[in-house]
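Engineer: First residue of the sequence shown? That's 170 in the numbering used here, and the numbers climb one at a time after it.
Don't be surprised by glycine CBs; every beta carbon is placed ideally from N, CA and C.
On a predicted model such as this, the values are computed, not experimentally measured, just so you know.
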Amino acid sequence: MAARQLSGKKPKHLRYTLGTLLSYMGRHKLLLLIVAILVTISALANLLGTYMIRPIVNNLVSGDVHTLILGVAVTAGIYGLGVLSAYGYTQTMVKAAQKILFDIRRDLFSHLQTLPLKFFDTQRHGDVMSYFTNDVDTISDALNNSFAMVIQSFIQMTGTLIILFILNWRLTLIVAVCYAVMFLYIRFSGRRSKAYYTKQQASLGDLDGYIEEMVGGQKVVKVFNHEKANLDAFRSKNEALRKAGTGAQSYAATMIPAVVSISYINYAIVAALGGIMALKGMTDVGSLASYLVFVRQAAMPINQMTQQSNFLLAALAGAERVFEVLEQPPETDEGQVELVNVKEEGGTMTACAEKTGRWAWRRPDGSLAPLRGDVRFQKVDFGYEAGQPILKGISLYAEPGQKIAFVGSTGAGKTTITNLINRFYEVQGGGVTYDGIDVRDIKKDSLRRSLGIVLQDTHLFTGTIADNIRFGKLDATQKEIERAARIANADSFIRRLPQGYETMVTSDGANLSQGQRQLLAIARAAVADPPVLILDEATSSIDTRTEALIEKGMDQLMEGRTVFVIAHRLSTVRNADAIMVLEHGQIVERGSHEALLAQKGEYYQLYRGMFELS
């Protein structure tokens, strides 16, 4: 049997992690109880089957054929029961393990949906994915294999030692000494290999990160002819991993052979002394035969226990990472004001379930205030990190139906302003009001339902073109989808695709151009039909001709709505009601296109191309 590679990763909070995992297992305690019972039966059957060698051999020596046949039949029945029990517990454990993993994955994904955006900003996508893949898979392996194996190994190890004492306590003293030597070597080897495994895991993470980075940036690598330099760097990191892996395996690989060798020495000593004792009449031949088989098997449960215990610790480390995510505080929402559909009858506005195209804010006392789209910033301060302010005393307003544009160089704080409107982040000073209501008093789902956003980084989901547009409004009809596509000027290119609106989108839209992906994002916002629009450089990847073609559609979409535009090209904001020029987190200029050009300030310089826009 090959040695299973041990992990240097151990849980930091073993008691907490084990308790949490047991709480998940407790939800399916009936299945696990059945597994434990069947494992116990299987282990006892193996022990009793081996013990039956004693009466069978003794009956063979005495010539009692009838009793011999009966003993063989009983032994066969015992082993048959063990086989059935083994089959039963393996199948039951598979079902129990999958149910437990289902619960963990469900809770993990559900909780991730509640976490604030800041959590994902501080986590690599690969780390988040590893929770569902590497960590959950490790838990799966532990549940499927280790849970039953640990129970079985413990029963066999304990039972073997007890039966050995029953059969011949004198010889068992020698066996006990060999047991002690085995455990001491396992402890010694484990301590020596742990340090190397820690280095191995660090080197492995470094190498994996480097490979991911280089594969993702292959286009840049080839542009600058860095293949040789990258290969040299890879060889260096790979060599570091080889050295750490060699050191770790040099100890771990000797663990099982050492245990087996000690067991062989033990067997030889016991066999010689047992033979002498049998010749002198100190023990019967059947007891000696059964005893030697038990001694021969004694190393197996120790090996299994050693492997499984280390594997369980590694699995608990993976479980700990998952449970740490589950302990992350969810996004807080203390808002009480809700967005509702309304209809007007006899001059009175009432809330209704059906969609009317009109909205209102419903306060906790039940009063309704019509949604107008009046957004105001009042001396807002904000920074993503403490002591590093991004916005400093920002004050601005957007009256209902106005188009407000933000321009400025990279890092000026343009996108940050829109992140505060939809409460991706909370202001640290001042306040933001929406129709005179503090946005912190509005329920986040209602607030975000009132906002349509086209992000700079377009993300498409696996599914059809129609499905991706429908993401903005899950109950949208095909007619509504096509209308939204026409508004975004996406209808023409969609119909030229092989399956039109039913064309599959894969790998985040890799089969589409960047401009086409952005047009779909605009269509997704259009189908949502929100009262307020945020366009975060929505046309940054669209050529000038396409941009001109969608302007009319965009004007139709923006008609009667409050619109915030983050401009990549100044040509897109010339018709804005007000343009805010941001530098270093402050508004340095505001006004119309013509008025700002007349000032010949920052906007004038940007317009003339003296500064690069983000």
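Cα separation between GLN145 and SER315?
Structural biologist: Residue 145 lies beyond the stretch modelled for the chain, which goes from 170 to 783, so this question has no answer here.
Engineer: What's the gap between the Cα of LEU410 and the Cα of ALA371?
Structural biologist: Position 241 of the sequence shown, counted from the first residue, corresponds to residue 410. Position 202 of the sequence shown, counted from the first residue, corresponds to residue 371. Approximately 8 Å, taken between the alpha carbons.
Engineer: For VAL506, which residues in the same chain have their Cβ closer than 8 Å to its Cβ, ignoring the five residues on either side in sequence?
Structural biologist: As a working note, residue 506 is residue 337 in the sequence shown. For VAL506, where only same-chain residues beyond five positions count, the Cβ hits under 8 Å are TRP530, ARG531, ARG532, PRO533, ILE606, ASP610, ILE611, LYS612 and SER615.
Engineer: If you reduce the DSSP assignment to three classes, tell me which class ASP401 lands in.
Structural biologist: For the purposes of this step, residue 401 is taken as the residue at position 232 of the sequence shown. The answer is helix: DSSP assigns ASP401 an H, G or I state.
Engineer: Short of 7 Å in beta carbon distance, which residues of its chain neighbour ASN786, apart from the five on each side in sequence? Order them along the chain.
Structural biologist: The displayed coordinates of the chain run from 170 to 783. Any statement about residue 786 would go beyond what the structure contains.
Engineer: Within 10 angstroms of the Cβ of CYS521, are there 16 or more other Cβ atoms? Answer buried if so, exposed if not.
Structural biologist: Taking the sequence shown and counting its residues from 1, the one referred to as residue 521 is at position 352. Its Cβ having fewer than 16 others within 10 Å, CYS521 is exposed.
Engineer: Whole angstroms are fine: how far does the CA of PHE662 sit from the CA of LEU689?
Structural biologist: Here the question's residue 689 lines up with position 520 in the sequence shown. Here the question's residue 662 lines up with position 493 in the sequence shown. One C-alpha to the other measures close to 10 Å.
Engineer: Using CA atoms only, rank isn't needed, just tell me which of LEU565, ASP296 and LEU330 is closest to ALA467.
Structural biologist: Residue mapping note: residue 467 aligns to position 298 of the sequence shown, counting from 1. With distances taken between Cα atoms, ALA467 lies closest to LEU330.
Engineer: Threshold first: 4 residues or longer. Then list the alpha helix (DSSP H) segments lying entirely within the segment 304-356, N to C.
Structural biologist: DSSP runs (the alpha helix (DSSP H)) wholly in the segment 304-356: 305-310 and 316-336.
Engineer: Do ILE573 and ALA767 have their C-beta atoms within less than 8 Å of each other?
Structural biologist: Walking along the sequence shown from the start, residue 573 turns up at place 404. Walking along the sequence shown from the start, residue 767 turns up at place 598. No; because the gap between Cβ atoms is not below 8 Å, this pair is not in contact.
Engineer: Which of helix, strand or coil does DSSP assign to GLY684?
Structural biologist: Position 515 of the sequence shown holds residue 684. GLY684 falls in the helix class under three-state DSSP.
Engineer: Using a Cβ-Cβ cut-off of 7 Å (strictly less than) and excluding sequence neighbours within five positions of SER254, which residues of its own chain qualify?
Structural biologist: Here residue 254 is taken as the residue at index 85 of the sequence shown, counted from 1. Cβ neighbours of SER254 beyond the five flanking positions: LEU207, ILE210, SER211 and ALA214.
Engineer: I'd like the span of the alpha helix (DSSP H) that includes GLN505, first residue to last.
Structural biologist: For the purposes of this step, residue 505 is taken as residue 336 along the sequence shown, with counting starting at 1. Per DSSP, GLN505 belongs to no alpha helix (DSSP H) and is neither H nor E.
Engineer: Compare the beta carbon distance of PRO285 and GLU500 with 8 Å and say whether it is the shorter of the two.
Structural biologist: Position 116 of the sequence shown, counted from the first residue, corresponds to residue 285. Position 331 of the sequence shown, counted from the first residue, corresponds to residue 500. Yes, they are a contact pair.
Engineer: Within 10 Å of its beta-carbon, does ALA441 have 16 or more other beta-carbons around it, so buried, or fewer, so exposed?
Structural biologist: Along the sequence shown, one-based indexing puts residue 441 at 272. ALA441 is exposed by the Cβ-count criterion.
Engineer: Out of LEU342, PHE393, HIS395 and ALA417, state which residue places its alpha-carbon closest to the alpha-carbon of LEU373.
Structural biologist: As a first step, residue 373 is located in the sequence shown; it is residue number 204 there, counting from the start. The candidate whose alpha carbon is nearest that of LEU373 is ALA417.
Engineer: Give the C-beta separation of ILE656 and ALA635 to the nearest angstrom, bearing in mind that I take them to be a contact with Cβ-Cβ under 8 Å.
Structural biologist: By 1-based counting over the sequence shown, the position of residue 656 is 487. By 1-based counting over the sequence shown, the position of residue 635 is 466. So it is not a contact: roughly 15 Å between Cβ atoms.
Engineer: In the DSSP output, which residue or residues are listed as bridge partners for PRO539?
Structural biologist: By 1-based counting over the sequence shown, the position of residue 539 is 370. In the DSSP output, where bridge partners are listed per residue, PRO539 has ALA529.
Engineer: Which of helix, strand or coil does DSSP assign to LYS613?
Structural biologist: Here residue 613 corresponds to residue number 444 of the sequence shown, with the count starting at 1. Reduced to three states, the DSSP call for LYS613 is helix.
Engineer: State the CB to CB distance for the pair ARG686 and GLY678, rounded to an integer number of angstroms; the pair is presumed to be in contact (CB under 8 Å).
Structural biologist: As a first step, residue 686 must be located in the sequence shown, where it is residue number 517. As a first step, residue 678 must be located in the sequence shown, where it is residue number 509. At roughly 4 Å, the Cβ-Cβ gap stays under 8 Å, so ARG686 and GLY678 are in contact.
Engineer: Leaving aside the five residues before and after VAL491 along the sequence, list all residues of the same chain whose C-beta is less than 8 Å from its C-beta, in chain order.
Structural biologist: The count along the sequence shown starts at 1 and reaches residue 491 at position 322. If we look at VAL491 and ignore the five residues flanking it on each side, its Cβ neighbours are ILE273, LEU277, TYR300, ASP304, VAL305 and ILE308.
Engineer: Beta-carbon within less than 6 Å of LEU202's beta-carbon, same chain only, minus the 5 sequence neighbours each way: which residues are those?
Structural biologist: Mapped onto the sequence shown, residue 202 falls at position 33. For LEU202, where only same-chain residues beyond five positions count, there are no Cβ hits under 6 Å.
Engineer: Report the rounded CA-to-CA distance for LYS406 versus ALA488, giving the unit in angstroms.
Structural biologist: Taking the first residue of the sequence shown as position 1, residue 406 is located at position 237. Taking the first residue of the sequence shown as position 1, residue 488 is located at position 319. Rounded to whole angstroms, LYS406 to ALA488 spans 28 Å at the Cα level.
Engineer: By Cβ distance, which residues of its chain are closer than 8 Å to ARG465, with the 5 residues on each side in sequence left out?
Structural biologist: For the purposes of this step, residue 465 is taken as residue 296 along the sequence shown, with counting starting at 1. Only SER432 and TYR436 meet the Cβ criterion.
Engineer: Could you check if ALA529 belongs to the surroundings of the ligand GDP, using beta carbon to heavy atom distance under 7 Å?
Structural biologist: You won't find the ligand GDP in this model; it holds no ligand whatsoever.
Engineer: Does the separation of the CB atoms of PHE551 and LEU589 fall below 8 Å?
Structural biologist: Locating residue 551 in the sequence shown gives position 382, where the first residue counts as 1. Locating residue 589 in the sequence shown gives position 420, where the first residue counts as 1. Yes.
Engineer: For a test of the three-state rule: what should DSSP assign to ARG759, helix, strand or coil?
Structural biologist: Residue numbering aside, residue 759 sits at position 590 when the sequence shown is read from its first letter. Correct three-state label for ARG759: strand.
Engineer: Would you check if the segment 330-345 and the segment 447-464 touch, i.e. whether three or more CB-CB distances between them fall below 8 Å?
Structural biologist: They touch, by the three-pair rule.
Engineer: THR283 by DSSP, collapsed to three states: which one?
Structural biologist: Counting from one through the sequence shown, the residue named residue 283 turns up at place 114. Note: THR283 maps to coil in three-state DSSP.
Engineer: State the DSSP-derived secondary structure class of TYR553, mapped to helix, strand or coil.
Structural biologist: Walking along the sequence shown from the start, residue 553 turns up at place 384. Correct three-state label for TYR553: coil.
Engineer: Please state whether the Cβ-Cβ distance between ARG826 and SER459 is less than 8 Å.
Structural biologist: The chain is shown from 170 up to 783; residue 826 falls before or after that span and cannot be answered.
Engineer: Nearest to VAL252 by alpha carbon, out of GLY556, ASN591, GLY641 and GLY218?
Structural biologist: Reading the sequence shown from its first residue, position 83 is the one you call residue 252. Comparing Cα positions, the closest option is GLY218.
Engineer: Quick check: what's the CA-CA separation for GLU595 versus SER322?
Structural biologist: Taking the first residue of the sequence shown as 1, we reach residue 595 at position 426. Taking the first residue of the sequence shown as 1, we reach residue 322 at position 153. If I take the Cα positions, the gap works out to 54 Å.
Engineer: If I follow the unbroken beta strand (DSSP E) through GLY770, where does it start and stop?
Structural biologist: Walking along the sequence shown from the start, residue 770 turns up at place 601. Where GLY770 is concerned, there is no enclosing beta strand (DSSP E), given that its DSSP letter is neither H nor E.
Engineer: Between LYS583 and SER564, which are expected to be in contact by the criterion C-beta below 8 Å, what is the C-beta distance as a whole number of angstroms?
Structural biologist: As a first step, residue 583 is located in the sequence shown; it is residue number 414 there, counting from the start. As a first step, residue 564 is located in the sequence shown; it is residue number 395 there, counting from the start. About 16 Å; that fails the 8 Å criterion.
Engineer: Measuring straight from C-alpha to C-alpha, what distance separates LYS181 and ALA486?
Structural biologist: Taking the sequence shown and counting its residues from 1, the one referred to as residue 181 is at position 12. Taking the sequence shown and counting its residues from 1, the one referred to as residue 486 is at position 317. Each residue's alpha carbon lies about 8 Å from the other.
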